[in-house]
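Worksheet: the structure to be examined is printed underneath.
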Amino acid sequence: MMKYFWSILMIISVVSCKSEDESLQRIDQIMNIYMKSSTSPDLLNAKKAGSYTGYSVNDMLGDKDISPVSLPLKMTTDSLFYMEYISGAKRKKFDSAGTTYYSRMQLTLSRNVNNTTQTTVDQLEIHYRNTPTVFQVSEVLYNQQSIFTKDASAPNSINVVTVTK
């Protein structure tokens, strides 16, 4: 009985001992996505002429053909609308080491033009950096064009991404 007691105590002490140099992995993946054009600073404000009146987001790497992703529409204190992405799209490895991941989503945007609904289908791709100390957004592509990059040493923050259409 005493032998088991000492074995359990030894396991507990080994598990609970952690050096001060070891730290938790920082997670940094929240994005605020703004849309603007040369004539409108806010294409997500459905009340403004020429802006999008609706949108849907589908996970292109999802388990089913239709795998919706939630990007709720929010507004800043100065009344600019943005889509907030926290998580929800499936991530796949870029490399076998698991140091780079990506998510790919289809955005279907609609707006009224001359009393007709016009639909635009775009693609949003997010690249993630994965190390023992950080999991973070490293690059965002919109229709295969890089629109955001983040250095590995950058501090945690809400990533502000602006799509210019």
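First residue of the sequence shown? That's 0 in numbering that gives the first Met the number 0, and the numbers climb one at a time after it. Just so it is clear, CB atoms sit at the ideal spot from N, CA and C, and this is done for glycine as well. Please read all numbers here as calculations on a predicted model, not as lab measurements.
When DSSP states are grouped into helix, strand and coil, N44 belongs to the coil group. Non-local C-beta neighbours of S137 in its own chain, meaning closer than 8 Å and more than five positions away in sequence, comprise T99, H126, Y127, R128, T148, K149 and A151, ordered along the chain.
In this structure Q105 does not touch N142 by the C-beta definition: roughly 11 Å separates them, more than the 8 Å allowed. Contact annotation: L42 and S50 have beta-carbon atoms nearer than 8 Å.
Here S102 is buried. Its C-beta has 16 or more other C-beta atoms within 10 Å. Counting every other CB atom within 10 Å of its CB across the protein chains shown gives D27 a total of 16 or more, marking it as buried. K164 sits in coil when the DSSP states are folded into three classes, being neither helix nor strand. Q117 and I157 have their C-alpha atoms spaced approximately 31 Å apart. Proximity to T161 across N31, Q24, R25 and L23 peaks at N31, based on C-alpha coordinates. Taking each of Y81, T76 and A88 in turn and checking the Cα distance to D64, the smallest one comes out for A88.
Among the bridge pairs identified by DSSP, K92 is matched with Y100. Note on geometry: alpha-carbon atoms of I29 and Y81 lie some 12 Å from one another.
Membership of N31 in the beta strand (DSSP E) is indicated by the continuous run M30 to K35. The alpha-carbon of G53 is positioned some 22 Å away from that of T76.
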